[in-house]
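For the sequence shown, the working numbering gives the first residue as 94, with consecutive numbering after it.
Taking it in order: structure first as structure tokens, then the write-up.
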Amino acid sequence: MRLSGVLSKLPASEFKQVDGFLVGKKGDVGQRVDLNSVQVTYSYRCTLCDDVSVFVSKGTISCVFISKQLISIDCVLACDCGANVPVWFLVESYGEIVDQNPEIRILERKDKLSENVRIIDNDEYSEFLDKSERAYRDGLGAGSMVYLRKVFESLTKKSAALAKIDIAKPDGKRKNFKDLLKEVDDKLSIIPEPFTQRRYELYKELSSAMHGDSDEEDSLQKYKDCKRLIVGIIENIRATEKAIKDSKEMKSAIDSLGWNKSGGGDSD
94 MRLSGVLSKL PASEFKQVDG FLVGKKGDVG QRVDLNSVQV TYSYRCTLCD DVSVFVSKGT
154 ISCVFISKQL ISIDCVLACD CGANVPVWFL VESYGEIVDQ NPEIRILERK DKLSENVRII
214 DNDEYSEFLD KSERAYRDGL GAGSMVYLRK VFESLTKKSA ALAKIDIAKP DGKRKNFKDL
274 LKEVDDKLSI IPEPFTQRRY ELYKELSSAM HGDSDEEDSL QKYKDCKRLI VGIIENIRAT
334 EKAIKDSKEM KSAIDSLGWN KSGGGDSD
């Protein structure tokens, strides 16, 4: 694997062996080295193109030695339309990064997204998911969890409408979220099976960050797991919506064929 391949993917905790890209360099603190053979590509949703586009690094990418095990890399990724994203990497080596085949991983990756560039997601929850991911990448644990909570609330309300469940009580007051979630999940099974019995725990976890009951570091550590559960709910709802849509389309096809007329049914 080459350095380009590692930089073009989201950070992973495990080290990956790559072809040497700093062989023979001294690795003095502050030393800057051009990485002439390195190119970074990453896909974003470009609002100018109104499509998912591959952004490609422009110009010469260079790195700065922090130590012989740690380097900083800056680059700018650009779309064909001109939209661009500045990206910064902190890359760690298991041994010395100047070795022939160093084992490396990305300790940190930050991209500064403009209003013209968004993280890829094609549904109505993309705005809050996008904001939660930005907050996480900027080290804002509480902010990332708050946006996930907004997605969870939106998902539950949308599912209530899908199941024709009123979100208000007979007296007009809004139902307690815990009760509404149970009612919706009992009817549509929107919560993935592994945590159905603890569905409200996710909401409490997300709310604790919002109310200041957990610190930033704790929220950052829990973010990826919480987001995975939210994505699982989205996947369940999409499956439910598809099933309902398919059922309506099949019913329409049957009606068009006239099979619902009297005398229908299995016969020879």
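Glycine included, C-beta positions come from ideal geometry on N, C-alpha and C.
Model, not experiment: these values are computed from the prediction.
Look at Glu-309 here: in three-state DSSP terms it is helix. Scanning the stretch 106–169 from its first residue to its last, no whole alpha helix (DSSP H) run of 4-plus residues comes out. A check of alpha carbon separations from Gly-120 across Lys-243, Glu-189, Leu-170 and Arg-202 identifies Glu-189 as the nearest. Ala-105 is the residue among Ser-225, Tyr-296 and Ala-105 whose C-alpha sits nearest the C-alpha of Ile-199. Spatial neighbours of Leu-115 in its own chain (CB-CB distance under 7 Å, excluding positions within 5 residues in sequence) are listed in chain order as Val-126, Ile-190 and Val-191. Contact between Phe-221 and Tyr-240 holds: CB atoms are separated by about 5 Å, below the 8 Å threshold. Taking the CA atoms as reference points, Thr-153 sits about 6 Å from Asn-129. As the crow flies, the alpha-carbon of Arg-227 is around 23 Å from that of Lys-151. In this structure, DSSP gives Ile-337 a helical state, which the three-state scheme calls helix.
Per DSSP, Asp-279 is one residue of the alpha helix (DSSP H) stretching across 270–281. Only residues of its own chain outside the window of five on either side were considered, and among them Leu-322 have a CB closer than 6 Å to the CB of Leu-295, listed in chain order. Take the alpha-carbon of Pro-263 and the one of Lys-257: they are about 15 Å apart. For the set Ile-347, Thr-134, Met-303 and Leu-248, the Cα lying nearest the Cα of Gly-325 is the one of Leu-248.
For Arg-202, the enclosing beta strand (DSSP E) begins and ends at 196–204.
Given a length threshold of 4 residues, each whole run of the alpha helix (DSSP H) inside the stretch 207–266 is given here in chain order: 219–230 and 234–255.
Ser-160 places its beta carbon 8 Å or farther from that of Leu-183. Under the three-state reduction of DSSP, Val-180 is assigned to strand.
Under the three-state reduction of DSSP output, Ser-300 falls in the helix class. Going by DSSP, Leu-96 is part of the alpha helix (DSSP H) stretching over 96–100. Per DSSP, the beta-bridge partners of Ala-171 are Val-149 and Asn-177. Between the alpha carbons of Gly-232 and Gln-290 lies a gap of roughly 31 Å. Residue burial is scored here from C-beta neighbours: Met-343 has fewer than 16 other C-beta atoms within 10 angstroms and is therefore classed as exposed. Straight-line measurement puts the Cα of Cys-168 at about 15 Å from the Cα of Phe-158. The residues Ile-260, Ala-261 and Lys-262, in chain order, have a CB closer than 7 Å to that of Lys-268 in the same chain once the five nearest residues on each side in sequence are set aside. Using a 10 angstroms sphere on the CB of Gly-234, the tally of other CB atoms reaches 16 or more, which defines it as buried.
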